[in-house]
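What follows is a set of notes on a single structure, which appears directly below.
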Amino acid sequence: MKTAILGSGLIGRSWAMVFARGGHEVVLWDQDDAQPGRALAHIARTLPEMAAAGLIGDPEAIGSRIHSAAGLADALSGADLVQESIVEQAAPKQRLFAEVETLAPPDALFSSSTSAIMPSIIFGALASRARCLVAHPLNPPHLAPIVELCGADFTAPATLSRAQAFMAGCGMTPITVRREIEGFILNRLQLALLNEAFRLIADGYVSPDDLDKTVTEGLALRWSFMGPIETIDLNAPGGVADYVARYGPTIRRIGDSQAAAAPWPDTIAATLDAARRARLPLDRLGEATARRDRRMMALAAHKRAEDKTS
């Protein structure tokens with residue numbers, strides 16, 4: 110299959126490695142003519158690291174499937190899947206897909222990497238909207254397999270089936286968002302945690318550094334291989350029903366207190382930025398991101414090995 114990636118930034122270049130890993134031809138396009146070149150350079154550095162971690166086979170073969178396009182029409186010519194990863198704003202996405210619809214093959218899937226915008230907003234004005242859906246990954250998708258597939262009322266069931274098969278064939282773990290909702294599943298969970306974290310920090314209960322430690326040295330150790338529902342199923346002698354019977358009143362009481370809490374203040378960004386810049390100067394952000402990716406590679410390799418033996 111030929112895949113056209115529109116937007117070659119952090120998410121687009123990561124999708125390129127995912128799709129090429131799955132054996133597909135990948136063509137990169139971006140409104141910034143220089144961006145595909147930067148993406149290709151990043152990919153050339155990253156694929157050997159993934160191979161060294163045991164996550165992929167021949168990095169040269171995978172990299173050879175990824176190219177830049179001469180223009181939008183060139184990227185879309187013969188494309189089977191169009192994956193858009195441009196700015197997180199509805200209007201630019203709508204304008205781009207209006208143009209894409211006039212250039213792409215009539216049977217190509219249209220997919221957006223949006224983090225929160227519902228597909229009915231992005232694709233609602235298209236004549237061929239039955240082939241449209243959201244495929245929202247975790248950043249970076251070449252190291253985190255989850256991808257949320259969300260259609261609108263107008264999305265054909267065959268569109269979702271094709272997208273599920275394609276993503277699974279690329280080594281991803283697709284989940285289906287059964288009904289449209291802003292933020293989908295992953296970000297609604299993540300933002301629920303962030304909202305509470307912001308309030309706890311703003312109200313003086315915990316420092317930003319200790320908040321992060323609570324997750325990395327606690328919750329994340331379990332969550333790296335089991336979700337919250339499986340977690341509570343194992344945390345009571347009688348399983349999940351026993352857990353809810355024991356802790357249900359506490360869960361409801363704390364949930365009510367969270368819902369009634371005052372919003373976190375506008376000053377939280379400055380508070381968090383001061384704490385983070387004290388630990389990590391801005392000019393070392395790229396270095397830390399690369400370290401994150403290496404640790405995610407190691408964790409992905411560990412999880413793959415554990416899955417084979419379980």
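Letter 49 of the sequence shown, counting from 1, is numbered 158 in our numbering, and no numbers are missing.
Every residue gets a Cβ at the ideal spot worked out from N, C-alpha and C, and that includes glycine.
Reference residue i; option with closest CA among the options
i: alanine 125; options: Asp142, Gln140 and His151; result: His151
i: serine 194; options: Gly121, Glu208 and Leu185; result: Gly121
i: leucine 295; options: Leu258, Gly116 and Thr325; result: Leu258
i: isoleucine 290; options: Ile230, Ile341 and Ala306; result: Ile230
i: valine 243; options: Ala184, Ile226 and Arg147; result: Ile226
i: alanine 379; options: Lys412, Phe307 and Ala329; result: Phe307
i: alanine 253; options: Ala407, Glu415 and Ser419; result: Ala407
i: proline 249; options: Ala384, His411, Arg238 and Ser123; result: Ser123
i: lysine 111; options: Gln203, Ala217, Ala277 and Leu391; result: Ala217
i: arginine 204; options: Arg388, Phe232 and Gly348; result: Phe232
i: serine 221; options: Ser366, Arg238 and Leu320; result: Arg238
i: glycine 163; options: Gln140, Ala410, Ala277 and Ser419; result: Ala410
i: tryptophan 373; options: Ala301, Met335 and Lys322; result: Ala301
i: glutamate 415; options: Leu235, Met281, Ala277 and Phe334; result: Phe334
i: arginine 130; options: Ile171, Asp392, Ser419 and Leu298; result: Ile171
i: alanine 236; options: Leu389, Asp402, Pro215 and Arg401; result: Pro215
i: aspartate 142; options: Ser177, Thr264 and Arg404; result: Ser177
i: phenylalanine 263; options: Ala371, Val349 and Arg288; result: Arg288
Residue i, enclosing beta strand (DSSP E) - first and last residue
i: glycine 192; result: The displayed chain sequence assigns glutamine, not glycine, to residue 192. 190 to 193 is the extent of the beta strand (DSSP E) around glutamine 192.
i: valine 135; result: 134 to 138
i: leucine 205; result: Careful: leucine 205 lies outside any beta strand (DSSP E), inside the alpha helix (DSSP H) at 199 to 212.
Straight-line Cα distance separating residue j from residue i
i: aspartate 167; j: leucine 156; result: 9 Å
i: glycine 135; j: glutamine 192; result: Here residue 135 is valine; the residue named in the question, glycine, does not match the sequence. Approximately 10 Å, taken between the alpha carbons.
i: phenylalanine 219; j: alanine 345; result: 44 Å
i: cysteine 279; j: valine 127; result: 6 Å
i: leucine 303; j: alanine 383; result: 17 Å
i: glycine 116; j: tryptophan 138; result: 6 Å
i: alanine 161; j: arginine 174; result: 19 Å
i: aspartate 189; j: histidine 245; result: 18 Å
i: threonine 376; j: alanine 329; result: 27 Å
i: glycine 118; j: glutamine 144; result: 7 Å
i: valine 196; j: phenylalanine 293; result: 18 Å
i: alanine 261; j: methionine 281; result: 22 Å
i: alanine 354; j: lysine 417; result: 35 Å
i: glutamine 198; j: glutamate 326; result: 35 Å
i: glutamate 396; j: arginine 147; result: 17 Å
i: proline 228; j: valine 256; result: 15 Å
i: alanine 277; j: proline 283; result: 7 Å
Span of the alpha helix (DSSP H), counted from its first residue to its last, around residue i
i: glutamate 169; result: 168 to 172
i: phenylalanine 219; result: Careful: phenylalanine 219 lies outside any alpha helix (DSSP H), inside the beta strand (DSSP E) at 218 to 221.
i: threonine 323; result: 317 to 323
i: histidine 176; result: Not the alpha helix (DSSP H): histidine 176 falls in the beta strand (DSSP E), residues 175 to 177.
Residue burial classification, residue i (beta-carbon count within 10 angstroms, cutoff 16)
i: methionine 159; result: buried
i: aspartate 312; result: exposed
i: tryptophan 332; result: exposed
i: glycine 357; result: exposed
i: lysine 202; result: buried
i: valine 286; result: buried
i: arginine 240; result: buried
i: serine 224; result: buried
i: isoleucine 310; result: buried
i: alanine 113; result: buried
Contact test: residue i Cβ vs the ligand GTP heavy atom, cutoff 7 Å
i: isoleucine 195; result: As far as ligands go, the structure on display features none, and thus does not contain the ligand GTP.
At a cut of 8 Å, does the region 263 to 274 reach the region 137 to 151 through at least three beta carbon pairs?
-> no
With a cut-off of 8 Å, do at least 3 Cβ pairs link the region 178 to 185 to the region 193 to 213?
-> Result yes; three or more Cβ-Cβ pairs closer than 8 Å.
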